[in-house]
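**Student:** First residue of the sequence shown? That's 1 in UniProt numbering, and the numbers climb one at a time after it. Idealized CB from N, CA, C, for every residue including glycine.
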Amino acid sequence: MNEKLFVYPTDTVWGIGGNIFSKVCYEKIANIKGHAEKKPLSVIFCSIKDIRELIEFPKTYSDNWLETFFKYESTLGIPKEWSKKELPQWICEDSQFLTIRCLNSKVIKNIIDKAGGPITSTSLNFSGFPPIIDGVEARDFYENHITDEVFIENHEAPCSGRSSTIVLISEESHTIVREGQYINEIKEHLKLLST
């Protein structure tokens, strides 16, 4: 298993992550960010197909619905019981939800290939500080704090600078816990679940 961390650009902010099944990666992230362990992390995928290999969604959540949802710089929190495989405890910790993102990006696909599977995703910054959105700042953070890990250059679109919208869902309901740039589009999209 690859236990390297990757510093990489997302559609919103710069992120840091590693193989979801590696406790070493999880502990390194906690140390770098300067927060206590027991903080849940998101899992990032590069396709709906890959998500469905790990998650069993109710029929309401079609591939088209999911693809459109993730297009809006969003994170989906799902009940961890929907996972088809046993997840490491440190991914969800005390939360009843597993949070996932999907980015159809060559950068993310290459990282997932190198990591050997889905990767954790959290913002690149010290806990309590704003997320990093600029490539130069991301490179500085890497060179000053984590040069023994892997830095991925951004050759795609720049980060939007806004944190993702987070929506927690269950079979019966949904709750928006953080509003991002496309909150209005996401609210409209969520209405489709009840039609």
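What first and last residue would you give for the beta strand (DSSP E) that runs through TYR61?
**Tutor:** Here TYR61 belongs to no beta strand (DSSP E), and DSSP marks it neither H nor E.
**Student:** Would DSSP call PHE151 helix, strand or coil?
**Tutor:** strand
**Student:** Measure the Cβ-Cβ separation of ASN154 and GLY180 and say whether it is below 7 Å.
**Tutor:** no
**Student:** To which residues of the same chain is LEU193 closer than 6 Å at the C-beta, ignoring the five residues directly before and after it?
**Tutor:** THR60
**Student:** Could you check what DSSP says for HIS35 in three-state terms: helix, strand or coil?
**Tutor:** coil
**Student:** Would you mind working out which of LYS23, HIS189, CYS159, ASN2 sits nearest GLN89, comparing C-alpha positions?
**Tutor:** LYS23
**Student:** Less than 7 Å between the beta carbons of PRO131 and SER123, yes or no?
**Tutor:** yes
**Student:** Do CYS25 and ASN19 count as a contact pair if the criterion is CB distance below 7 Å?
**Tutor:** Less than 7 Å separates the beta-carbon of ASN19 from that of CYS25.
**Student:** Who are the near neighbours of PHE97 in its chain, counting only those whose CB is closer than 6 Å to its CB and skipping five residues on each side?
**Tutor:** GLY77, LEU168
**Student:** What are the boundary residues of the beta strand (DSSP E) that ILE119 is part of?
**Tutor:** 119-123
**Student:** For ILE183 versus THR165, is the C-beta spacing smaller than 7 Å?
**Tutor:** yes
**Student:** Measuring alpha carbon to alpha carbon, tell me which of GLU137, ILE176, ILE186, SER105 ends up nearest SER47.
**Tutor:** SER105
**Student:** Between ASN67 and LEU103, what straight-line distance do the alpha-carbon atoms span, to the nearest angstrom?
**Tutor:** Looking at the sequence shown, residue 67 is not Asn but Glu. Going from the Cα of GLU67 to the Cα of LEU103 covers about 9 Å.
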